[in-house]
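Take a look at the structure set out below.
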Amino acid sequence: MKKIGLIFILLVISELSFAACRDAVVLVHGNGGYPSNFDDTYNLLRSKGYATNEIFRPNWGSKFCVACNNHSGSEETPVRNSINAAISGSCTGKIDVIGHSMGVTLAAKQILTMGVVSKVDTFVGIAGGYRGLWSCGTYPFNVPNSTCGSQGLSVNSPLVNSLKGRILANKTYSIKSWVDQVVCSTGICTVGGRHTSQIDTENATFTYSYGHFGLLTKTENKQYELIQ
4 MKKIGLIFIL
14 LVISELSFAA
24 CRDAVVLVHG
34 NGGYPSNFDD
44 TYNLLRSKGY
54 ATNEIFRPNW
64 GSKFCVACNN
74 HSGSEETPVR
84 NSINAAISGS
94 CTGKIDVIGH
104 SMGVTLAAKQ
114 ILTMGVVSKV
124 DTFVGIAGGY
134 RGLWSCGTYP
144 FNVPNSTCGS
154 QGLSVNSPLV
164 NSLKGRILAN
174 KTYSIKSWVD
184 QVVCSTGICT
194 VGGRHTSQID
204 TENATFTYSY
214 GHFGLLTKTE
224 NKQYELIQ
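FYI, in our numbering the residues of the sequence shown are 4 to 231.
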């Protein structure tokens, strides 16, 4: 009888352990932002049972010279380190990545450069300039700063072109708005006939009437749903 009871307890513990095993999550803020920009998402994940060591929030880029930031150099290191740490510490061996604004393209570049696409279960891009921003000009013409340069978000920049058609994860989604005051600042949201926040290899895209920052802070439930 005691043996049967012990077996039952071990089975329950095993089931609970299995249920708690999930992908680690990497949350990548936008240009000039802070990890705290993802507080709504972070707090929701915590309320759903995610431990602090299952959520990674890299702090990247200059906060004082936002136009100096691009997708090459010191900006890459914190994101790359967080992706590596998340993969190493993930119970499943896989991770989910959610990026906002320039954090979308920065995270995408790291995944491709590091060769860890097979380790990314879900990629969610929120309000990204994935296809380039008209406010940054068309490379190499009218490119005003480093953020818009060859490793930045000008339309047809080498960085933007390097992401075209590339698979980033097992599942990829974008969250966008047609009233995004950053992505659509020139009044045009599309590049090549598609919203610039859309990702070539996405499984689905979701549209909201929020602005650039509202897309991040008001869609935490959708973000959570997409990574389950």
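Positions of the beta carbon are idealized from the N, C-alpha and C atoms, including for glycine.
Express the C-alpha separation of Gly140 and Asp99 in angstroms, rounding to a whole number.
When rounded, the distance between both Cα atoms is 32 Å.
One question on the structure: do Tyr133 and Gln201 come within less than 8 Å of each other, judged by their Cβ atoms?
Yes, the pair counts as a contact, with Cβ atoms nearer than the cut-off.
Are Ala111 and Phe59 touching if we call contact CB-CB under 8 Å?
No, Cβ-Cβ distance for Ala111 and Phe59 is not below 8 Å.
Are the CB atoms of Thr150 and Asn34 within a distance shorter than 8 Å?
Cβ atoms of Asn34 and Thr150: closer than 8 Å.
Using only the alpha-carbon positions, how far apart do Ile191 and Thr199 sit?
Those two C-alpha atoms are separated by around 9 Å.
Mind checking which residues open and close the beta strand (DSSP E) that includes Thr210?
Per DSSP, Thr210 belongs to the beta strand (DSSP E) from 207-210.
Give the secondary structure of Gly96 by DSSP, where H, G and I count as helix, E and B as strand, and everything else as coil.
Reduced to three states, the DSSP call for Gly96 is coil.
At 4 residues or longer, what runs of the alpha helix (DSSP H) sit wholly inside the stretch 93-140?
Correct list: 105-117.
Using DSSP with H/G/I as helix, E/B as strand and the rest coil, what is Val182?
DSSP places Val182 in coil when its eight states are reduced to three.
Grab me the residues of Ser177's own chain with a C-beta within less than 6 Å of its C-beta, minus the 5 sequence neighbours each way, in chain order.
If we look at Ser177 and ignore the five residues flanking it on each side, its Cβ neighbours are Gly128, Ser200, Gln201, Ile202, Glu205, Thr208.
Going residue by residue through the stretch 20-99, where are the continuous beta strand (DSSP E) segments of at least 3 residues, counting only ones entirely within it?
DSSP runs (the beta strand (DSSP E)) wholly in the stretch 20-99: 27-31.
For Tyr213 versus Lys221, is the C-beta spacing smaller than 8 Å?
Yes, the pair counts as a contact, with Cβ atoms nearer than the cut-off.
Under 8 Å, with one C-beta from each stretch per pair, do the stretch 35-53 and the stretch 63-70 reach the 3-pair mark?
The stretch 35-53 is in contact with the stretch 63-70.
Among residues of its own chain, excluding the 5 on either side of Ser160, which ones have a beta-carbon nearer than 6 Å to its beta-carbon?
Cβ within range, chain order: Tyr142, Ser153.
Count the other CB atoms within 10 Å of the CB of Val187; is the residue buried (16 or more) or exposed (fewer)?
The sequence shown places Cys at residue 187, not Val. Buried: at least 16 other Cβ atoms inside 10 Å.
Can you list, in chain order, the residues of its chain whose CB lies under 6 Å from that of Cys94, leaving out five sequence neighbours each side?
Closer than 6 Å at Cβ, skipping near neighbours: Cys24.
Pick from Ser91, Val182, Leu156: whose alpha carbon is nearest that of Cys71?
With distances taken between Cα atoms, Cys71 lies closest to Leu156.
Taking the alpha carbon of Thr175 as the reference point, which residue from Leu136, Leu219, Val120 has its own alpha carbon closest?
Here the closest residue by C-alpha is Val120.
Pick from Val123, Gly102, Gln113: whose alpha carbon is nearest that of Ser165?
Nearest C-alpha to Ser165: Gln113.
Would Leu47 pass as a contact of Val123 if the rule is Cβ separation under 8 Å?
It is not a contact, given that the beta carbons lie outside the stated cut-off.
Look at Val31 and Gly135 and say whether their C-beta atoms are less than 8 Å apart.
Cβ distance not < 8 Å, so Val31 and Gly135 don't count as in contact.
Could you compute how far the alpha carbon of Leu109 sits from the alpha carbon of Phe144?
So the two alpha carbons sit approximately 22 Å from each other.
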